[in-house]
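Novice: So the sequence shown is numbered by the UniProt record's numbering: it starts at 1 and just counts up by one. The structure that follows is given in the form of structure tokens.
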Amino acid sequence: MEELSQTVIDYVMCQGACAAGIVTLETLEGGPPSADLSYVLPKAKSAISFALPLDQSLIPPFLMKKDFLSHKRDNVLKNAQSSGIALLLAN
Numbered sequence: 001m002e003e004l005s006q007t008v009i010d011y012v013m014c015q016g017a018c019a020a021g022i023v024t025l026e027t028l029e030g031g032p033p034s035a036d037l038s039y040v041l042p043k044a045k046s047a048i049s050f051a052l053p054l055d056q057s058l059i060p061p062f063l064m065k066k067d068f069l070s071h072k073r074d075n076v077l078k079n080a081q082s083s084g085i086a087l088l089l090a091n
């Protein structure tokens, strides 16, 4: 199982993630209600978590209300990319 976990993490990182990990029911125990896997997936025993980096150079202009569109576009693209990665992992 450890080899499969590492393969999954390696795949996600190769797809552009800046962080990735696998959590189990035990590692999430005692966390907030939002960390309860059984709420969404009653039979789940673990979950893959990963993060994709946003373009940091687009955030200051967004916060200064100088350029909303560039950051929004980057955010939409990262969400689409993360959905694609998740879909491939699910299959």
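The beta-carbon is built from N, C-alpha and C at its ideal position, and this holds for glycine as well.
Give the straight-line distance between the Cα atoms of P33 and G84, rounded to the nearest whole angstrom.
Specialist: By 1-based counting over the sequence shown, the position of residue 33 is 33. By 1-based counting over the sequence shown, the position of residue 84 is 84. Spanning the two alpha carbons is a distance of roughly 27 Å.
Novice: Exposed or buried, what is F68 when buried is set at 16 or more other beta-carbons lying within 10 Å of its beta-carbon?
Specialist: Numbered from 1 along the sequence shown, position 68 holds the residue referred to as residue 68. With fewer than 16 other Cβ atoms within 10 Å, it is exposed.
Novice: Looking only at DSSP bridge pairs, what is A44 linked to?
Specialist: Taking the sequence shown and counting its residues from 1, the one referred to as residue 44 is at position 44. Looking at the DSSP assignment, A44 forms no beta bridge with any residue, so it has no partner.
Novice: Run the CB neighbour count on V40, radius 10 Å, all protein chains shown included, and call it buried at 16 or more, exposed below.
Specialist: Position 40 of the sequence shown, counting from 1, holds the residue named residue 40. It counts as exposed.
Novice: Straight-line CA distance for D74 to A90?
Specialist: As a first step, residue 74 is located in the sequence shown; it is residue number 74 there, counting from the start. As a first step, residue 90 is located in the sequence shown; it is residue number 90 there, counting from the start. Approximately 24 Å between the Cα atoms of the pair.
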